[in-house]
Structures are given as C-alpha cells and as structure tokens.
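For reference, the structure is listed below as structure tokens.
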Amino acid sequence: GNSVTQMEGPVTLSEEAFLTINCTYTATGYPSLFWYVQYPGEGLQLLLKATKADDKGSNKGFEATYRKETTSFHLEKGSVQVSDSAVYFCALRGKAAGNKLTFGGGTRVLVKP
Amino acid sequence: EPEVTQTPSHQVTQMGQEVILRCVPISNHLYFYWYRQILGQKVEFLVSFYNNEISEKSEIFDDQFSVERPDGSNFTLKIRSTKLEDSAMYFCASSENGGGNTIYFGEGSWLTVV
Numbered sequence: 032g033n034s035v036t037q038m039e040g041p042v043t044l045s046e047e048a049f050l051t052i053n054c055t056y057t058a059t060g061y062p063s064l065f066w067y068v069q070y071p072g073e074g075l076q077l078l079l080k081a082t083k084a085d086d087k088g089s090n091k092g093f094e095a096t097y098r099k100e101t102t103s104f105h106l107e108k109g110s111v112q113v114s115d116s117a118v119y120f121c122a123l124r125g126k127a128a129g130n131k132l133t134f135g136g137g138t139r140v141l142v143k144p
Numbered sequence: 008e009p010e011v012t013q014t015p016s017h018q019v020t021q022m023g024q025e026v027i028l029r030c031v032p033i034s035n036h037l038y039f040y041w042y043r044q045i046l047g048q049k050v051e052f053l054v055s056f057y058n059n060e061i062s063e064k065s066e067i068f069d070d071q072f073s074v075e076r077p078d079g080s081n082f083t084l085k086i087r088s089t090k091l092e093d094s095a096m097y098f099c100a101s102s103e104n105g106g107g108n109t110i111y112f113g114e115g116s117w118l119t120v121v
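Taken in sequence, the protein lines are chains A and B. In this note's numbering, each number is its position in the first sequence, counted from 1, plus 31. In this note's numbering, each number is its position in the second sequence, counted from 1, plus 7.
And the structure:
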C-alpha cells in the first residue's frame, strides 16, 4: 500500500536559516504529492503540491520538487521566519477517483528569533 | 474563498455517550472524508464518502462509527458509544473530484472523552 516517511522532529532553527524537511514515499503508480502545514491550534492547510514527476510546487517561499527517481518530495525554504513555526505533513494521493490522502508522521519546526 | 466548516470546535463528553460531529463541505465538492489526529500523533484516515455511500474505510472506522449526508449539504460523523481513546481532533475534508486534486480540510473538532 501507499506510505509516506518524513524526518522526525522537532527541528529547531534560528530565523533566516535554511530549512529542509525530507519526505520519501512508496506508492503504486504515480501519485500526487502534497505538503500540508498545521500552525499551533489550527487545522490543516495546503502549503503546496505537485502532480507529476519533475513538477515543482511552491508557496510562501517554500518549494518541493517531485522526484520520481528517488521517490522523494523534500520541502525547502531558504530563509525561515518565526511565523513558520508549525508542524509540516507530507502526503500523497493516488490518481484514481476519490483516493484518500496518506500522511507522513509530521515534522515539528520551531524557529527562534 | 470557499472553505470546509466544522462544528463544534470542541466537545467534552462522558465515556459511553453518543457524539455527532458536523461538517459542511465545499459546495461543489463530491468526495468527503473524515480524518483524526490523536494529540501529537499523525493524521489518520477514517472514511471516505461518495455518491451517498462509503467508498473506503480504515480499520479504525469500526461499528461504533457511522457517517451520513442527511440533507445534501451537511456531512456528519457519529460515534455511538465513545471511549477514552476516541479523544482526538477530527478533521472533515472534501475534494472536487478524484485523482490528484487537492483535499481541503476544515479547522477540526476537538473531542475530549472523560
């Protein structure tokens, strides 16, 4: 079945540091890949997505590239802010109609001023 | 921007009581989901719903759980007899269609069973 593995946190950074969160997946076929973010006390928000190999998703300074050859979708941001402190979830969704999202375990990121 | 709305935002219930969590998915969406997140843990799939029937459910979604779309706009999750381990954040979600389309989540309903 489908599965997503992402690096465990917490990841603690200083403001303006470079952030990378690793995510790898196992899936049949060619799923769509997503990063969701959960800010403290809030729900899940879509951060970015990519639907096919070599696509790059980007939003709010975050980027991730769909790498079929390494089955990865690593999240990066060049210069984090305190407001980026959150839990980040990597997820995949198969292309068949109605397919559910399968989430990784989440990575807590804490950015200190 | 259209959004998924959930009520209540927080509910405290006695063990053994029935709970209904309510959701209004985005209006033109066809696929509906419930997920849960026990405090500090990963987001787990419970059930998906399409065309007025369950299309997939997880092992968590046992006979104590049921879903319903009673009136064409609401989508509810019922837990018949709550247990302590049902304490979690429950997320409703919807998507326009299948495939790679984005699934949009509500803010969640925090259920505490005491």
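The beta carbon of each residue, even a glycine, is placed where N, CA and C say it ideally should be.
Contact check, residue i vs residue j, beta carbons under 9 Å
i              : j              : result
residue 44(B)  : residue 113(B) : no
residue 137(A) : residue 118(A) : yes
residue 33(A)  : residue 56(A)  : yes
residue 131(A) : residue 40(B)  : yes
residue 121(A) : residue 65(A)  : yes
residue 41(A)  : residue 125(A) : no
residue 11(B)  : residue 118(B) : no
residue 50(B)  : residue 134(A) : yes
residue 76(B)  : residue 104(B) : no
residue 37(A)  : residue 52(A)  : yes
residue 68(A)  : residue 54(A)  : no
residue 140(A) : residue 116(A) : yes
residue 20(B)  : residue 89(B)  : yes
residue 15(B)  : residue 29(B)  : yes
residue 87(A)  : residue 96(A)  : yes
Interface residues of chain B facing residue i [CB-CB closer than 9 Å]
i              : result
residue 94(A)  : Neighbours of residue 94(A) on chain B: none; closest Cβ ~17 Å, over 9 Å.
residue 73(A)  : 114 and 115
residue 120(A) : 49 and 50
residue 77(A)  : 109, 110, 111 and 112
Chain A residues whose Cβ lies nearer than 9 Å to that of residue i
i             : result
residue 52(B) : 131, 132, 133 and 134
residue 97(B) : Those do not exist, as residue 97(B) stays about 11 Å from chain A at its closest Cβ, beyond 9 Å.
DSSP bridge partner residues for residue i (one or two, in chain order)
i              : result
residue 90(A)  : 93(A)
residue 25(A)  : Outside the displayed range of chain A (32 to 144) lies residue 25(A), so it cannot be described from this structure.
residue 14(B)  : 29(B)
residue 123(A) : 64(A) and 133(A)
residue 52(A)  : 106(A)
residue 142(A) : 44(A)
residue 76(A)  : 68(A)
Beta-carbon neighbours of residue i, restricted to chain A and to distances below 7 Å
i             : result
residue 88(B) : By Cβ distance, chain A contributes nothing, its closest Cβ being about 26 Å from residue 88(B), past 7 Å.
DSSP-derived helix/strand/coil call for residue i
i              : result
residue 114(A) : helix
residue 38(A)  : coil
Residue i: contacting residues in chain B (beta-carbon distance under 7 Å)
i              : result
residue 137(A) : 49
residue 80(A)  : 109
Where are the beta strand (DSSP E) runs, 3 residues long or more, that stay fully inside the region 59 to 92 of chain B, in chain order? 60 to 64, 72 to 75 and 82 to 86
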